[in-house]
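Reviewing the structure listed below.
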Amino acid sequence: MPRFFVDQNAIHGETIILDEENAKHLSFSLRAKAGDHIFVCDDTGQLYECEITRFDGKTVETRICSVQPSISEPPYEAVLCQSIPKGDKMDFIIQKAVELGVSRVIPVESQHCITKLKPETRAKKRERWQRIAEAAAKQCGRGKIPRVEEPIRFETLLHMAPAGCGYFCYENGGDSLKTILQQKCAGQYTGSVFYFLIGPEGGFSCEEALAAKQAGWRAISLGHRILRTETASLFFLSALSYEIELESDIRK
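Okay, structure coming up:
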């Protein structure tokens, strides 16, 4: 069934009202009609099966038939801190990161970033990236739309991660990702938090690596091969899913 996202203000008792944008999509793209069923997700990860009861041209009114937690949300929080790459690579990274279970994306302006965002284009960039995240969330059946944050400086990011939750992927060595996941998640499959930092095409400078370590971020290795910036984040998220999500499914 088609899937739509709303905030809590759209839910009124047993009724959920979809806005004009979603109403147009239902009417013109999906040719939906009263009596059809759709899925609606709120911003807390709840999944509602709803029956369309009324169209009025600008909104769609639905009746809640059932509600349950979305099983598509991972039991951990993965925050991708992605140094901004050149070209349209960020579009690809955000789309695939959402499919792989990322919770939030923080674009980072680090020393070796080739792309330098202009003040007048920053807001438009973030809006575009948020639309990509929303489309990916709908396509892959997420229970929430991961938020794409405003781009920030590398130095600012270093103070954002909770203690013991910051990791930066470093081609010049660090603890293995497998070891870190086994240590952090041993016997615990819910509530783990990961802020993981990916460098740009040129990697991190020595000064940035030192600053990250001094701020409490832990250097990790993704193996013996140097991965492209658009590959590293997806590798990390895939490893998280394998180590935590699939294992927790087996234990249920």
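For the sequence shown, counting from 1, position 78 maps to 227 in my numbering; every step adds exactly one. Ideal Cβ placement from N, Cα and C applies to all residues, glycine included. In this text, all values refer to a predicted model and were calculated from it rather than measured experimentally.
Spell out the partners DSSP gives residue i in its beta bridges.
i, result
"His-161", "Thr-164"
"Ala-368", "Phe-317"
"Arg-152", "Phe-188"
Spell out whether any CB of chain B is found under 8 Å from the CB atom of residue i.
i, result
"Pro-268", "Going by chain labels, chain B is absent from the structure shown, which holds only one protein chain."
When you compare each of the options to residue i by their alpha carbons, which one comes out closest?
i, options, result
"Phe-204", "Gly-250, Ser-370, Ser-176", "Ser-176"
"Thr-418", "Glu-299, Ala-381, Gln-331, Ile-220", "Since the first residue of the chain shown is 150 and the last is 401, residue 418 is not available in this structure."
"Pro-295", "Thr-208, Lys-333, Ser-252, Leu-306", "Ser-252"
"Cys-289", "Glu-226, Tyr-225, Ser-219, Cys-318", "Ser-219"
"Gly-372", "Phe-153, Asp-237, Lys-327, Ile-242", "Lys-327"
"Ala-227", "Tyr-344, Gly-313, His-161", "Tyr-344"
"Phe-188", "Leu-330, Lys-287, Lys-333", "Lys-287"
"Gly-315", "Phe-154, Trp-366, Ile-201, Asp-240", "Trp-366"
"Ser-259", "Asp-240, Phe-317, Arg-277, Glu-392", "Phe-317"
"Lys-207", "His-186, Glu-170, Glu-276", "Glu-170"
"Glu-276", "Lys-265, Asp-185, Asp-240", "Asp-240"
Taking the straight line between their C-alpha atoms, what separation do you get for residue i and residue j?
i, j, result
"Asn-321", "Arg-374", "11 Å"
"Tyr-338", "Cys-190", "Note that Tyr-338 scores 47 on pLDDT, short of 50, meaning its location in the model is unreliable; the coordinates nonetheless yield the value given after this. Roughly 24 Å between the two C-alpha positions."
"Ile-255", "Thr-378", "14 Å"
"Gln-231", "Glu-210", "39 Å"
"Gly-292", "Pro-223", "10 Å"
"Asp-324", "Ala-172", "50 Å"
"Ser-354", "Ala-183", "58 Å"
"Ile-166", "Ala-181", "15 Å"
"Gly-351", "Thr-380", "14 Å"
"Ala-272", "Asp-237", "16 Å"
"Gln-279", "Pro-151", "20 Å"
"Ala-159", "Glu-200", "15 Å"
"Tyr-225", "Glu-283", "20 Å"
"Ala-368", "Pro-349", "16 Å"
"Thr-202", "Gln-332", "51 Å"
For residue i, which residues from the same chain have a beta carbon less than 6 Å from its beta carbon, with the 5 sequence-adjacent residues on both sides left out?
i, result
"Gln-244", "Ile-281, Ala-285"
"His-174", "none"
Can you list, in chain order, the residues of its chain with a C-beta nearer than 7 Å to that of residue i? Leave out the 5 residues immediately preceding and following it.
i, result
"Glu-163", "Arg-212, Ile-213"
"Pro-311", "Val-342"
"Leu-249", "Leu-383, Leu-386, Ser-387, Ser-390"
"Asp-192", "Asp-156, Gln-157, Lys-293"
"Leu-376", "Phe-384"
"Glu-357", "Ser-259, Gln-260, Phe-303"
"Leu-395", "none"
In chain order, what residues of the same chain have a beta carbon less than 8 Å from the beta carbon of residue i, not counting five sequence neighbours either side?
i, result
"Val-216", "Gln-195, Leu-196, Tyr-197, Glu-198"
"Val-257", "Cys-230, Gln-231, Ser-232, Ile-233, Pro-300, Ile-301, Arg-302, Phe-303, Leu-306, Leu-346"
"Leu-359", "none"
"His-308", "Ala-364"
"Ser-221", "Cys-289, Gly-290, Arg-291, Gly-292"
"Leu-407", "Because the chain spans 150 through 401 in this model, residue 407 falls outside it and cannot be assessed."
Answer yes or no: the CB of residue i versus the heavy atoms of the ligand GTP, is any distance below 7 Å?
i, result
"Glu-210", "Questions concerning the ligand GTP fall outside what the structure shown contains, since it holds no ligand whatsoever."
Considering only residues of the segment 289–348, which uninterrupted alpha helix (DSSP H) runs meet the minimum length of 4 residues and lie entirely inside it, listed in chain order?
-> 303–306, 326–334
Just list the alpha helix (DSSP H) runs in the segment 180–263, keeping only unbroken ones of 4 residues or longer that don't cross its boundaries, in chain order.
-> 238–248
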